[in-house]
Amino acid sequence: MKVFKILDRGFAELVSVMGDDLTVVKAARVSTGGGVKGPEKDKRLINYLMKNHHETPFEHVVFTFHIKCPIFVARQWFRHRIASYNEKSGRYSEMRYEFYIPDKMRIPHPKDKQMSIPNDGIVDEKKAKELMKEVYKHAYEAYERLLKMGVARELARIVLPIALYTEFYWTVNMRSLMNFLSLRADSHAQWEIQRYALAIAQMFEECCPWSYEAFLKHAYRGDLLK
C-alpha cells in the first residue's frame with residue numbers, strides 16, 4: 000500500500016481497505032432489493048446520499064491506516080472517537096530517540112486563537128530549534144538513566160516530551176473518516192495534523208473516487224481540499 004512521508008520523521012500508510020464506492024451503493028439499495036445499476040446511476044445515488052445526509056451506507060467501507068506522528072498530534076487525532084486505535088506502548092518497549100523538530104517556527108495568529116502564522120522574523124529560528132533539541136536531549140538522557148537505575152518503563156517514560164514520535168493503527172469507517180477530514184483538513188486545525196489529513200484525503204480519493212468527489216461537493220466543511 001502507499002506510504003506518505005510526513006513531517007521530519009512521520010508517515011501515513013494505508014494498510015487495508017474493505018469496500019469501495021459500489022459497497023456504498025449496494026448498502027443503500029438493499030432496502031429496496033436493488034443492487035448495482037451502472038456507473039451513471041450508481042454515481043448519482045452516491046451524490047444523492049451525500050447531499051441529503053443519508054450517511055449510514057458510507058459506514059460499510061472501512062480503512063485501516065498505520066500512522067507515525069508526534070504524541071501531541073496523536074492526542075488530537077484520538078479525539079475522533081468513532082474508530083479503533085492500537086498505539087505503540089511505552090510500557091512494553093523502550094522508546095526511541097525520535098523527536099519532532101519543526102522545519103519553520105510559527106507565531107500566534109493576532110486574532111484567531113485556533114491558528115498560527117509564519118514566523119516572519121519575529122522568533123530566532125536557530126535559537127528556538129536549539130532550545131527544543133536541548134530539552135529533548137536532557138529528557139531522553141533522564142529516561143535512559145531511570146531505566147538503568149531499574150525504574151519500570153511505564154514510569155521512566157513520563158519524563159519524555161509530547162514531541163516524541165509514536166505509532167498507531169487507526170481503523171475507521173468512511174463516514175467517520177469524512178468527519179475527520181472536515182475538521183483536520185482545515186486551516187483552523189494545527190498545521191502538523193493538517194499534513195496527515197491531506198495525505199489521508201489522497202488515499203481516500205484513490206480508493207473511493209465517487210464518494211470522495213461527492214464528499215467535497217456536498218459535505219466537506221473544511222477549506223484545504225477544494
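Going by numbering that gives the first Met the number 0, the sequence shown opens with residue 0, and the numbers climb by one from there.
The C-beta atom is built at its ideal place from N, Cα and C for all residues, glycine as well.
8 Å Cβ shell around residue i - same chain, five flanking residues per side excluded
i: Val-61; result: Val-16, Met-17, Gly-18, Thr-170, Val-171, Asn-172, Met-173
i: Glu-124; result: Lys-103, Met-104, Asn-118
Supposed close pair residue i, residue j - CB separation, criterion 8 Å
i: Phe-77; j: Tyr-135; result: Actually they do not touch by this definition, with Cβ atoms about 23 Å apart.
i: Ile-121; j: Ser-115; result: Not confirmed; about 12 Å, so no contact.
i: Asp-185; j: Leu-146; result: Not quite, the Cβ-Cβ distance comes to about 40 Å (not below 8 Å), so this is no contact.
i: Pro-160; j: Ala-141; result: With a Cβ gap of about 11 Å, Pro-160 and Ala-141 do not count as contacting.
i: Met-0; j: Leu-13; result: 4 Å
i: Tyr-219; j: His-65; result: Contact doesn't hold; Cβ gap of about 25 Å is too wide.
i: Tyr-164; j: Gly-9; result: 7 Å
Cβ neighbours of residue i in the same chain (closer than 6 Å, five flanking residues each side left out)
i: Glu-166; result: Lys-67, Lys-87
i: His-217; result: Met-49, Lys-50
Nearest residue (CA-CA) to residue i, options the options
i: Ile-192; options: Val-24, Ala-200, Arg-183; result: Arg-183
i: Asn-85; options: Thr-63, Arg-8, Ile-100; result: Thr-63
i: His-187; options: Glu-12, Arg-74, Lys-112, Gly-89; result: Lys-112
i: Lys-25; options: Phe-10, Asp-41, Val-14; result: Asp-41
i: Leu-154; options: Phe-57, Phe-3, Glu-93, Leu-130; result: Glu-93
i: Glu-143; options: Ala-127, Met-131, Arg-156; result: Arg-156
i: Ala-196; options: Tyr-47, His-79, Glu-54, Asn-46; result: His-79
Residue j beta carbon less than 7 Å from that of residue i
i: Ala-200; j: Leu-176; result: no
i: Asp-7; j: Ile-81; result: no
i: Phe-57; j: Val-35; result: no
i: Ala-198; j: Ala-73; result: no
i: Asn-46; j: Ala-213; result: yes
Counted within 10 angstroms of its Cβ, other Cβ atoms place residue i as buried (16 or more) or exposed
i: Arg-194; result: buried
i: Gly-149; result: exposed
i: Ala-27; result: buried
i: Tyr-91; result: exposed
i: Pro-109; result: exposed
i: Ser-210; result: buried
i: Pro-69; result: buried
Same chain, Cβ closer than 7 Å to residue i, neighbours up to 5 away in sequence not counted
i: Tyr-96; result: Tyr-139
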